[in-house]
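Quick note on UniProt numbering: the sequence shown kicks off at 1 and runs consecutively. Don't be surprised by glycine CBs; every beta carbon is placed ideally from N, CA and C. These notes concern the structure reproduced below.
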Amino acid sequence: MQKVRMTPSEAICETLLAEGVDHVTGIVGSAFMDLLDLFPTAGIKFVPVRHEQSAGHMEDAYTRVAGRAGVLIGQNGPGITNMVTSVAAANSAHTPMVIICPSAGTPTVGWDGFQEADTVQIFKAITKETIRVPHPSRAADCLRTAFRIAYAERGPVLYDIPRDYFYGEIDEQILEPHQYRVSQRGCGDLVSIAKSVELLASAKRPVIISGRGVVDTKSKDIVAKIAEILTAPVACTYLHNDAFPSDHHLWLGPIGYMGSKAAMNTVAEADVILALGTRLSVFGTTPQYDINYFPDSAKIIQVDINPRNIARTHPVEVGMIADAKEAAKEILKGLEAKISSPQVKKEYLAVIKDRQEAWDKEIVDLAMVDGDPINPRRALLEIQKVLPENAIVSTDIGNVSSTANSYLRFKGEGMHIAALTFGNTGFAYPAALGAQMGNPDAPVAAIVGDGAWGMSLHEVSTAVEHNLPVVAIVFRNMAWCAEKKNQIDFYNNRFIGADILNPESFVPVAIAMGAEGIRVTKPEEVGPALEKALASRKPTVLEIVCDGTQLAPPFRKDALKMPTRLLPKYQHLDVRNWGLDD
Numbered sequence: 001m002q003k004v005r006m007t008p009s010e011a012i013c014e015t016l017l018a019e020g021v022d023h024v025t026g027i028v029g030s031a032f033m034d035l036l037d038l039f040p041t042a043g044i045k046f047v048p049v050r051h052e053q054s055a056g057h058m059e060d061a062y063t064r065v066a067g068r069a070g071v072l073i074g075q076n077g078p079g080i081t082n083m084v085t086s087v088a089a090a091n092s093a094h095t096p097m098v099i100i101c102p103s104a105g106t107p108t109v110g111w112d113g114f115q116e117a118d119t120v121q122i123f124k125a126i127t128k129e130t131i132r133v134p135h136p137s138r139a140a141d142c143l144r145t146a147f148r149i150a151y152a153e154r155g156p157v158l159y160d161i162p163r164d165y166f167y168g169e170i171d172e173q174i175l176e177p178h179q180y181r182v183s184q185r186g187c188g189d190l191v192s193i194a195k196s197v198e199l200l201a202s203a204k205r206p207v208i209i210s211g212r213g214v215v216d217t218k219s220k221d222i223v224a225k226i227a228e229i230l231t232a233p234v235a236c237t238y239l240h241n242d243a244f245p246s247d248h249h250l251w252l253g254p255i256g257y258m259g260s261k262a263a264m265n266t267v268a269e270a271d272v273i274l275a276l277g278t279r280l281s282v283f284g285t286t287p288q289y290d291i292n293y294f295p296d297s298a299k300i301i302q303v304d305i306n307p308r309n310i311a312r313t314h315p316v317e318v319g320m321i322a323d324a325k326e327a328a329k330e331i332l333k334g335l336e337a338k339i340s341s342p343q344v345k346k347e348y349l350a351v352i353k354d355r356q357e358a359w360d361k362e363i364v365d366l367a368m369v370d371g372d373p374i375n376p377r378r379a380l381l382e383i384q385k386v387l388p389e390n391a392i393v394s395t396d397i398g399n400v401s402s403t404a405n406s407y408l409r410f411k412g413e414g415m416h417i418a419a420l421t422f423g424n425t426g427f428a429y430p431a432a433l434g435a436q437m438g439n440p441d442a443p444v445a446a447i448v449g450d451g452a453w454g455m456s457l458h459e460v461s462t463a464v465e466h467n468l469p470v471v472a473i474v475f476r477n478m479a480w481c482a483e484k485k486n487q488i489d490f491y492n493n494r495f496i497g498a499d500i501l502n503p504e505s506f507v508p509v510a511i512a513m514g515a516e517g518i519r520v521t522k523p524e525e526v527g528p529a530l531e532k533a534l535a536s537r538k539p540t541v542l543e544i545v546c547d548g549t550q551l552a553p554p555f556r557k558d559a560l561k562m563p564t565r566l567l568p569k570y571q572h573l574d575v576r577n578w579g580l581d582d
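Following this line, the structure appears as structure tokens:
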């Protein structure tokens, strides 16, 4: 194909179309207006938000749901720097994404011009790559490179283009994605596959840990077959509760903070662990409930698409750089050939069942303790009871949102979109909006504390504008409760900055913004209210008034210490002086 005369803006737009991009999220700005002007004719929808940080969270979740790299854009300087937190979150979550980043015009670089910032340097630490367009004729080529790296390394890439490079005339050939990037990763080294099969087949207490890679490749059914051949219970990685169906008899639940004791006690006894599609993050494998559950003696088979993740946190017996689904298929083939008549390990199965039932009873008992007015655990329990099997649920960070890790379960095509280990507040609601764009027909709900809600309620206007029927489930407890719990346990109930002065109710605020609003003050109202909100197919804020004194264990117990003070003026704050007269 011969090159065609076009403008750089046209080359960028046509490359986006070749990548299957049907929308771009951000806030309008003069820096990229020449490109923006092409979008309606090209069939690319521009999705305006109220804050650029939300654009990153929306595209993060959109990518997780739709499987296509999200694209966001903003004004050079402050528009792009507003995206730092959400891009960093996507980078930590290994979510492919392209940030189209206009920068200051080349004639004035270095003169401290209006909205000038070296965004390439700012984003280097929080992206897989920063790519600066060196000449207008390279506009499409550099964008292709951005998509290639985003998919290959599973993360965000900054595409920096000086704002004057959108203009002019260039000769360009628009390529199809298969001409410049490879999607298939394969099953990994066949020798490693064979070794993995041997280890698993000879294991007495094998356990599978199923992660994000299993979700992304839609390979839960293959994991289930491996588990059944081996009678291997399956735990989900931290905040990927959707990585294995909860109605399967070998399901254990998630590991990590506020995860399943059944999962952690079982992982602790494993002799062989198949960690499939997971980086085995440090925080996601940190001891919980005083259970040091990740065994040093277990032989670990780790499969991950990114070579940087293999054995980064835990030594492995076998490491495979591979697509989770392709590796799982080959492991399954090997096991089927080796174990022609699988024998169910009935005693092991009975132990697993007892642990599952004990954990279920424990969290239900905790939920049924009365609250004033609602025990947040009870609300989470009632939410889980009525969620449809295809529901997508996003969770924020914080005391209630993290406690949801104990209660959220997914059977069918439902998905869990969590803030993960970057752990920034204000994630869940814009993420839910992006998830709804990724799957318009699915019921979508966001679990948000009232602290995080203060960072995201402005996006109710975005939901209304784009008719995104997301239900924001806002837990109103009038505090940053994860931090309040730290101040209770480590700082003798000295509360500084933990209490939140909220409006009398968020319902009138939601209605004023064009959404529906429901306020719940009784535990038995939670389920019916959520069912009503989901059935309405309208943007809705469901405000749950809950007890701010019923708190989960400290979130960062591993990183806090009891306070000691050396200067005389602070002696009364020293842990050794608590209970003494000042």
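Residue i - partner residues in DSSP beta bridges
i, result
"CYS481", "Looking at the DSSP assignment, CYS481 forms no beta bridge with any residue, so it has no partner."
"LYS299", "VAL272"
"CYS142", "Looking at the DSSP assignment, CYS142 forms no beta bridge with any residue, so it has no partner."
"MET6", "ILE170"
"ARG132", "ASP160"
"LEU542", "ILE473, ILE518"
"GLY319", "GLN302"
"PRO563", "For PRO563, which the question treats as bridged, DSSP gives no partner whatsoever."
"PRO206", "VAL272"
"VAL393", "HIS416, ALA445"
"residue 666", "Since the displayed the chain opens at 1 and closes at 582, residue 666 lies outside it and no answer follows."
Sub-8 angstroms separation of residue i and residue j beta-carbons
i, j, result
"THR237", "ILE209", "yes"
"GLY548", "ASN477", "yes"
"HIS240", "ARG212", "yes"
"GLY110", "ILE73", "no"
"LEU199", "GLU317", "yes"
"PRO134", "GLY168", "no"
"LEU214", "LEU274", "It should be pointed out that residue 214 corresponds to Val in this sequence rather than to Leu. Against a cut-off of 8 angstroms, the Cβ pair of LEU274 and VAL214 comes out as no contact."
"LEU175", "ARG144", "yes"
"ALA270", "ALA243", "no"
"ALA431", "ALA61", "yes"
"LEU433", "ALA463", "yes"
"VAL65", "VAL98", "no"
"VAL460", "MET513", "yes"
"residue 583", "ALA428", "This structure leaves residue 583 out entirely; the chain is present only between 1 and 582."
"VAL516", "ALA498", "Per the sequence shown, residue 516 should be read as Glu rather than Val. Contact flag unset, no."
Unbroken alpha helix (DSSP H) run spanning residue i, endpoints
i, result
"SER402", "399 to 407"
"GLU198", "190 to 202"
"THR313", "It is not in any alpha helix (DSSP H) - THR313 carries neither H nor E in the DSSP assignment."
"LEU252", "From DSSP, LEU252 is part of no alpha helix (DSSP H) but of the beta strand (DSSP E) over 251 to 254."
"ILE496", "Run containing ILE496: none; DSSP gives neither H nor E here."
"LYS225", "220 to 230"
"GLU465", "460 to 465"
"ALA431", "428 to 438"
"VAL507", "507 to 512"
Opening and closing residue of the beta strand (DSSP E) in which residue i lies
i, result
"THR25", "23 to 26"
"ARG519", "516 to 520"
"ARG476", "471 to 476"
"ALA446", "444 to 449"
"residue 597", "Given that the chain is displayed from residue 1 to residue 582, the structure contains no residue 597 and the question cannot be resolved."
"ALA418", "415 to 418"
"GLU524", "Note, GLU524: premise wrong, no beta strand (DSSP E); alpha helix (DSSP H) at 523 to 536."
"VAL575", "Premise fails: VAL575 is in no beta strand (DSSP E) and is neither H nor E."
CA nearest to the CA of residue i, picked from the options
i, options, result
"LEU387", "ASP396, TYR429, ILE447", "ILE447"
"LYS575", "GLU524, PHE490, ALA498, ILE500", "One detail in the question is off: residue 575 reads as Val in this sequence, not Lys. If we check each option's Cα against that of VAL575, PHE490 comes out closest."
"ASN82", "THR119, GLY113, THR95", "THR119"
"GLY256", "HIS314, LEU420, ASN309", "LEU420"
"THR285", "ARG308, LYS329, LYS261, ASN306", "LYS261"
"THR403", "MET415, ASN424, GLU413, LEU381", "LEU381"
"GLN356", "TYR407, ASN375, GLY398, GLY438", "TYR407"
"PHE555", "ASN405, PHE506, MET415, LEU573", "ASN405"
"residue 584", "ILE300, CYS546, ARG163", "The shown model of the chain, from 1 to 582, leaves out residue 584, and the question about it has no answer."
"ILE170", "ILE131, ARG312, GLU10, ALA232", "GLU10"
"LEU158", "ASP189, GLY20, ALA88", "ALA88"
"ALA227", "LEU457, ILE374, LYS329, ILE126", "LYS329"
"LYS532", "GLU336, SER30, PRO443", "PRO443"
"LEU16", "ILE331, CYS142, PRO342, SER183", "CYS142"
"ARG163", "GLU129, ILE321, GLN115, PRO206", "GLN115"
Min CB distance residue i to chain D below 8 angstroms
i, result
"GLU516", "Looking for chain D here will not work: only one protein chain is present."
Run through the region 35 to 108 for me and flag every whole beta strand (DSSP E) of 3 or more residues, listed as ranges in chain order.
45 to 48, 70 to 73, 97 to 103
Hey, which unbroken runs of the alpha helix (DSSP H) at 4 residues or more fall wholly within the region 331 to 385?
List check, alpha helix (DSSP H) in window: 346 to 367.
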